[in-house]
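Trainee: Residues are numbered in this note's numbering as their position in the first sequence, beginning at 1, plus a constant of 9.
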Amino acid sequence: MTVHVQAAIAKSLAPPTSTLWNTQLRELAKQCLFSDALHLYRRMLRSGQSPNVFTFPFVLKSSAALSFSVTGALLHGHVLKTGCEPEPFVQTSLISMYCRFSQVENARKVFDENPQSRKLTVCYNALISGYILNSKFLDAVVLFCRMREEVVSVNSVTLLGLIPGCLSPVDLDLGKSLHCCSIKIGLELDLSVGNCLLTMYVKCGSVEYARKVFDEMPEKGLITWNAMISGYSQNGFATRVLDLYREMKLVGVSPDPVTLVGVLSSCTHLGAHGVGREVEQRIELCGFGSNPFLKNSLVNMYARCGNLVKAHSIFSSMKERSLVSWTAIIGGYGMHGHGELAVKLFEEMIKAGIKPDKTLFVTILSACSHSGLTDRGLEYFAAMERSYGLQPGSEHYSCVVDLLGRAGRLKESEELIRSMKVKPDGAVWGALLNACKIHKNVKVAELAFERVIELEPANIGYYVLLSNIYSDAENSEGVLKVRTMMRERKLRKEPGYSYVEFKGEVHIFLAGDRTHQQTDDIYRMLAELESLVRKLCESNGIGGKMKNEQHLIGENNVHSEKLAIAFGLLNTRPGMEIIVIKNLRACDDCHLFLKLVSKIADREFIVRDATRFHHFKDGVCSCRDYW
DNA sequence: CTAGGGTTAG
Numbered sequence: 010m011t012v013h014v015q016a017a018i019a020k021s022l023a024p025p026t027s028t029l030w031n032t033q034l035r036e037l038a039k040q041c042l043f044s045d046a047l048h049l050y051r052r053m054l055r056s057g058q059s060p061n062v063f064t065f066p067f068v069l070k071s072s073a074a075l076s077f078s079v080t081g082a083l084l085h086g087h088v089l090k091t092g093c094e095p096e097p098f099v100q101t102s103l104i105s106m107y108c109r110f111s112q113v114e115n116a117r118k119v120f121d122e123n124p125q126s127r128k129l130t131v132c133y134n135a136l137i138s139g140y141i142l143n144s145k146f147l148d149a150v151v152l153f154c155r156m157r158e159e160v161v162s163v164n165s166v167t168l169l170g171l172i173p174g175c176l177s178p179v180d181l182d183l184g185k186s187l188h189c190c191s192i193k194i195g196l197e198l199d200l201s202v203g204n205c206l207l208t209m210y211v212k213c214g215s216v217e218y219a220r221k222v223f224d225e226m227p228e229k230g231l232i233t234w235n236a237m238i239s240g241y242s243q244n245g246f247a248t249r250v251l252d253l254y255r256e257m258k259l260v261g262v263s264p265d266p267v268t269l270v271g272v273l274s275s276c277t278h279l280g281a282h283g284v285g286r287e288v289e290q291r292i293e294l295c296g297f298g299s300n301p302f303l304k305n306s307l308v309n310m311y312a313r314c315g316n317l318v319k320a321h322s323i324f325s326s327m328k329e330r331s332l333v334s335w336t337a338i339i340g341g342y343g344m345h346g347h348g349e350l351a352v353k354l355f356e357e358m359i360k361a362g363i364k365p366d367k368t369l370f371v372t373i374l375s376a377c378s379h380s381g382l383t384d385r386g387l388e389y390f391a392a393m394e395r396s397y398g399l400q401p402g403s404e405h406y407s408c409v410v411d412l413l414g415r416a417g418r419l420k421e422s423e424e425l426i427r428s429m430k431v432k433p434d435g436a437v438w439g440a441l442l443n444a445c446k447i448h449k450n451v452k453v454a455e456l457a458f459e460r461v462i463e464l465e466p467a468n469i470g471y472y473v474l475l476s477n478i479y480s481d482a483e484n485s486e487g488v489l490k491v492r493t494m495m496r497e498r499k500l501r502k503e504p505g506y507s508y509v510e511f512k513g514e515v516h517i518f519l520a521g522d523r524t525h526q527q528t529d530d531i532y533r534m535l536a537e538l539e540s541l542v543r544k545l546c547e548s549n550g551i552g553g554k555m556k557n558e559q560h561l562i563g564e565n566n567v568h569s570e571k572l573a574i575a576f577g578l579l580n581t582r583p584g585m586e587i588i589v590i591k592n593l594r595a596c597d598d599c600h601l602f603l604k605l606v607s608k609i610a611d612r613e614f615i616v617r618d619a620t621r622f623h624h625f626k627d628g629v630c631s632c633r634d635y636w
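1. On the criterion of 16 or more Cβ atoms from any shown chain inside 10 Å, does V318 qualify as buried, or is it exposed?
2. Tell me which residue opens and which closes the alpha helix (DSSP H) that V352 is part of.
3. Do the segment 131 to 141 and the segment 161 to 174 meet, that is, are 3 or more Cβ pairs less than 8 Å apart?
4. Checking 8 Å against the spacing of the C-beta atoms, do V515 and I588 come in under that value?
5. Work out the CA separation of M344 and D366 for me, nearest whole Å.
6. Near S111, which residues of its chain fall below 8 Å by C-beta distance, leaving aside the five closest residues on each side in sequence?
7. Please give me, in chain order, every unbroken run of the alpha helix (DSSP H) with length at least 4 that falls completely inside the segment 229 to 266.
8. To the nearest angstrom, report how far apart N134 and Q58 are at their CA atoms.
9. Short check: CB of M327 to CB of K304, under 8 Å?
10. What is the DSSP secondary structure of F297, reduced to helix, strand or coil?
11. Buried or exposed for N557, going by 16 or more other Cβ atoms inside 10 Å?
12. What are the start and end residues of each continuous beta strand (DSSP E) run of 3 or more residues lying completely inside the segment 321 to 347, in chain order?
13. Could you check how far apart the C-beta atoms of L54 and D45 are, in whole angstroms? I think they sit under 8 Å.
14. In the DSSP assignment, what residue or residues form a beta bridge with H48?
15. Taking the alpha-carbon positions, what's the H85 to L103 distance?
16. Express the C-alpha separation of G340 and G584 in angstroms, rounding to a whole number.
17. Can you find at least 3 beta carbon pairs, one from the segment 489 to 497 and one from the segment 571 to 584, that sit closer than 8 Å?
18. By Cβ distance below 8 Å, which residues in the same chain neighbour P301 in space, the five residues on each side in sequence not counted?
19. Could you compute how far the alpha carbon of E455 sits from the alpha carbon of K185?
20. What's the C-alpha gap between V131 and A236?
21. What are the start and end residues of the beta strand (DSSP E) that includes S507?
22. If the criterion is Cβ atoms closer than 8 Å, does the pair A376 and S407 meet it?
23. Given a cut-off of 8 Å on the beta-carbon distance, is the pair L34 and V62 in contact?
24. Whole angstroms are fine: how far does the CA of K591 sit from the CA of I615?
25. Would you identify the three-state DSSP class for R617, choosing helix, strand or coil?
26. In whole angstroms, what is the alpha-carbon distance linking R286 and I338?
27. Count the other C-beta atoms from every protein chain shown that fall within 10 angstroms of the C-beta of Q290, then say buried if there are 16 or more, exposed otherwise.
28. Starting from H85, trace the alpha helix (DSSP H) in both directions and tell me its first and last residue.
29. Check whether the Cβ atoms of L273 and S239 sit closer than 8 Å, and answer yes or no.
30. Look at the alpha carbon of A619 and the alpha carbon of Y254, and state the distance between them as a whole number of angstroms.
31. Does the beta-carbon of Q100 have 16 or more other beta-carbons within 10 angstroms, so that it is buried, or is it exposed?
32. Just the Cα atoms here: how many angstroms apart are Y389 and C314?
33. Helix, strand or coil for V161 per DSSP?
34. Under 8 Å by Cβ, that's how I've got E439 and V461 pegged, so tell me the actual separation to the nearest angstrom.
35. On the premise that A457 lies in contact with L441, defined as a C-beta separation below 8 Å, what is that separation, rounded to the nearest angstrom?
36. For M199, is the classification buried or exposed, using 16 other Cβ atoms within 10 angstroms of its Cβ as the cut-off for buried?
This is the structure:
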C-alpha cells in the first residue's frame, strides 16, 4: 500500500457505514452497472452519508461511462466540497472522467493545478490515455517525454495508454519507436504490453511485425491469440487464421467469442463451409449462442457459403438486429442474385426505423445491379443524400456506373462519372470497362481503360478485361497491343485456380491440371460431359452463341472450375451440394458449359468467384452477367 | 490510469 493511500485513510477517518456504501459502489462499477452505481451514490447522499476519497473514483468512473457530462461537473463540485481533490486516486478519476467527456482542457487543469500530481505515474497515465482517447497523439507524446525528463517512473499502463495512439500506416514509424522505448524500459515482455504492441502493428498495416511480436512473446494469453487471429482475419490472411486457430486449440487455449468471430470471418472468405459448421457447433457447446457478434458472423458465413435458408433462419431468430445484421443478410441475397428479396428486406429495415449507412448503400446498390433492378437502384442512389444525408463516395458511384452499365446505359454511365463531385477512382472506370465487356463496346472501353490505367497501372485485371473485349470483337491487333503493354510493364496474370472442400479436405485445381489423384476419372467425366454438351447444342440448335462450341470444349478449355465440378460430380451423390470457389472471376465460356452440365447431370451447384455467386440449376444460372 | 470482436462493389 502506498504512502498516499495510508495518508488518505488516516485523513478521511470514515465511519464504518461509508465503507459499506463504498464496497457496494465498487462492486457495481466493477460489473459495469454504472447507472446502478450512480443511483446508489444519490441514495448515499440522501441518507446524509458524505462521500470520501474511496467513493469518488467509482462514482466518477460510472458517470464517465454514461457520458453524462452535466453530472461530471457537478461531481467535481462534490469532490471539492469534501476536500478529496488532492488525493491521487481521486485526481486520476477526475482526469479520466473529463477526458471521456472530451473536455481535455479541464483534465489538464486538474493535472496542472496539483503540484504533486506532476510526480505521480498514475496521473500521467490518466492524462496520456485521455489525450489518446481524444486523438491528441502529439500532446500525449510530449507529456510522455516530460514524464521521462522528470524521472517519473513509467509502467506498463503508461505504454498501454500511449501505444494505441498509432492506428494507421502513417504511424508505423512512431509505433516502432514506442516499441524500442518499451524494450529500453524493460517492459517488452509484459503480457499486456506485448498484446498492445501486436495490435498496434496490425492497425499500422504490418501483420509481419505483429507476427514477430507474437512469436517473441514468452507468455501468450487468450487475448494474444485473439489479437493475432483478428489481425490476420482483418487483413485477408484467411488461411493463416485457420492455421493459428488449430494451433491454439492444440496448445490448450480455449477459444472465446472474439476468437470465433475472427475464425468465422475467415471461413466466409474461404467458403470453408466445413470449418464454419464446426465453429457453429462449438458456439452452441460453449453457450455463446446469444452473442450478437457471433450471430452476425454466422449469418454472413452461411449467406456467403451458399446456405441462404440457414442464414435467414439465424437472422430471424435474432432478437436485436443491428445495422450489421441487416447488411449481412441483404448482401447475402444480393450476391445470390435475389435482388427483389434484398430490396424487400431493405424496405422492411427502414420500416423498423433503422437508418442505413454508407456500407449498406454499397450493398443494396450492388444487389440492384446484379438483379437488373436499374431504376430501383437509381432511386436509392438519389435517396441516399436526399433522405439520409449521406454523401455518396466513389464506392457508390462505382456501383451506380455498374448498375447503368449492365443495363446497357453506357452513355449515362459516362455522364455520371463526369458529373462526380469526388474524384473517380479506379473502380469507377473499371465498372464502366466491365460494362463495355458485357455490351461489347470497344470504343468506350478504350476510353475507360485509358483512365483506369492512369489510376491503377499495376492492376492486371483491367488489362485482361480489355484484351478479352478486343478478343470478342475479333480485333487481334488490339489483343496484341494489350499483351505487349503487359509485357513491357512486367505484369503477369495470377493463375486462376478453383477449389472444392470435400470431407474436410481442400482439393485445388489449376487450368489443365493433371496432378490430382483422380485425374483420369475426372478427365473421363469431362470428356463424357463434353460429348453430351455437343449433342445438346446440335439438337437444340442453340445457335449463334454456340456456333463455335470449341470455345466451350476441347483440350484448351480445361478451366479450373470445370475440373472442380467434375471432381464434385464424381464424388458426391445427387442432392448433395457442390460448392466451388474460384480465386479470380469465373470464365464466361465456362459459364455456358456449366449451365448445360447442370441440365445434363440434373445437379445443382454453386460457383463462387471473386465477385459473386453463380447458382447453376436445370440449365439456368442465377447470375445475370452473361446473356 | 490498461491490451482482442461483426457488415462494403469492382
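By construction, the Cβ of each residue, glycine as well, lies at the ideal position given by its N, Cα and C atoms.
Mentor: A quick look at the data gives this:
1. Taking the first sequence and counting its residues from 1, the one referred to as residue 318 is at position 309. Counting Cβ neighbours within 10 Å, V318 comes out exposed, since fewer than 16 surround it.
2. The residue labelled residue 352 in the question sits at position 343 within the first sequence. Segment 348 to 360, the alpha helix (DSSP H) holding V352.
3. yes
4. Locating residue 515 in the first sequence gives position 506, counting from the first residue. Locating residue 588 in the first sequence gives position 579, counting from the first residue. Contact flag unset, no.
5. The residue labelled residue 366 in the question sits at position 357 within the first sequence. The residue labelled residue 344 in the question sits at position 335 within the first sequence. Cα-Cα distance, rounded: 19 Å.
6. Reading the first sequence from its first residue, position 102 is the one you call residue 111. Excluding positions up to five away in sequence, the list reads N143.
7. 231 to 243, 247 to 259
8. As a working note, residue 134 is residue 125 in the first sequence. As a working note, residue 58 is residue 49 in the first sequence. Cα to Cα, the separation comes out at about 31 Å.
9. Counting from 1 along the first sequence, the entry for residue 327 is found at position 318. Counting from 1 along the first sequence, the entry for residue 304 is found at position 295. Result yes, Cβ atoms of M327 and K304 sit closer than 8 Å.
10. For the purposes of this step, residue 297 is taken as the residue at position 288 of the first sequence. F297 falls in the coil class under three-state DSSP.
11. For this step, residue 557 is matched to residue 548 along the first sequence. Legend: pLDDT at N557 = 47, less than 50; position of this residue unreliable, no value from coordinates given.
12. none
13. Here the question's residue 54 lines up with position 45 in the first sequence. Here the question's residue 45 lines up with position 36 in the first sequence. The Cβ separation is near 15 Å, so there is no contact.
14. As a position in the first sequence, residue 48 is number 39, starting the count at 1. According to DSSP, H48 bridges with nothing at all.
15. As a working mapping, residue 85 is identified with position 76 in the first sequence. As a working mapping, residue 103 is identified with position 94 in the first sequence. Taking the straight line from one Cα to the other gives about 7 Å.
16. Numbered from its first residue, the first sequence carries residue 584 at position 575. Numbered from its first residue, the first sequence carries residue 340 at position 331. Looking at the two C-alpha atoms, the distance is approximately 26 Å.
17. no
18. Numbered from 1 along the first sequence, position 292 holds the residue referred to as residue 301. Closer than 8 Å at Cβ, skipping near neighbours: M327, E329, S331, S334.
19. Start at 1 with the first residue of the first sequence, and residue 455 comes out as number 446. Start at 1 with the first residue of the first sequence, and residue 185 comes out as number 176. Each residue's Cα considered, the two are about 45 Å apart.
20. Residue mapping note: residue 131 aligns to position 122 of the first sequence, counting from 1. Residue mapping note: residue 236 aligns to position 227 of the first sequence, counting from 1. So the alpha carbons of these two residues sit roughly 26 Å apart.
21. Position 498 of the first sequence, counted from the first residue, corresponds to residue 507. First-last of the beta strand (DSSP E) with S507: 506 to 511.
22. What you label residue 376 is simply residue 367 of the first sequence in a count that begins at 1. What you label residue 407 is simply residue 398 of the first sequence in a count that begins at 1. Cβ distance not < 8 Å, so A376 and S407 don't count as in contact.
23. Locating residue 34 in the first sequence gives position 25, counting from the first residue. Locating residue 62 in the first sequence gives position 53, counting from the first residue. Not closer than 8 Å, so no.
24. The count along the first sequence starts at 1 and reaches residue 615 at position 606. The count along the first sequence starts at 1 and reaches residue 591 at position 582. The straight-line gap from Cα to Cα measures roughly 11 Å.
25. By 1-based counting over the first sequence, the position of residue 617 is 608. R617: strand per DSSP, three-state reduction.
26. Looking up residue 286 in the first sequence gives position 277. Looking up residue 338 in the first sequence gives position 329. R286 and I338: Cα-Cα distance of roughly 18 Å.
27. Against the first sequence, residue 290 aligns to sequence position 281. Flag for Q290 reads exposed.
28. Mapped onto the first sequence, residue 85 falls at position 76. 78 to 91 is the extent of the alpha helix (DSSP H) around H85.
29. Translated into positions along the first sequence, residue 273 becomes position 264. Translated into positions along the first sequence, residue 239 becomes position 230. No, they are not a contact pair.
30. In the first sequence, counting from the first residue as 1, residue 619 sits at position 610. In the first sequence, counting from the first residue as 1, residue 254 sits at position 245. The straight-line gap from Cα to Cα measures roughly 25 Å.
31. Residue mapping note: residue 100 aligns to position 91 of the first sequence, counting from 1. Its Cβ being crowded by 16 or more others within 10 Å, Q100 is buried.
32. Along the first sequence, one-based indexing puts residue 389 at 380. Along the first sequence, one-based indexing puts residue 314 at 305. Taking the straight line joining both Cα atoms gives about 27 Å.
33. Sequence index remark: in the first sequence, residue 161 carries index 152 (1-based). If DSSP states are grouped into helix, strand and coil, V161 belongs with coil.
34. Taking the first residue of the first sequence as 1, we reach residue 439 at position 430. Taking the first residue of the first sequence as 1, we reach residue 461 at position 452. Looking at the sequence itself, residue 439 is Gly, so the reference to Glu does not match. Yes, G439 and V461 are in contact; Cβ-Cβ is about 5 Å, under 8 Å.
35. Position 432 of the first sequence, counted from the first residue, corresponds to residue 441. Position 448 of the first sequence, counted from the first residue, corresponds to residue 457. Yes, L441 and A457 are in contact; Cβ-Cβ is about 4 Å, under 8 Å.
36. Taking the first sequence and counting its residues from 1, one reaches residue 199 at position 190. Checking the sequence shown, residue 199 turns out to be Asp, not Met. D199 counts as buried, since at least 16 other C-beta atoms from the protein chains shown sit within 10 angstroms of its C-beta.
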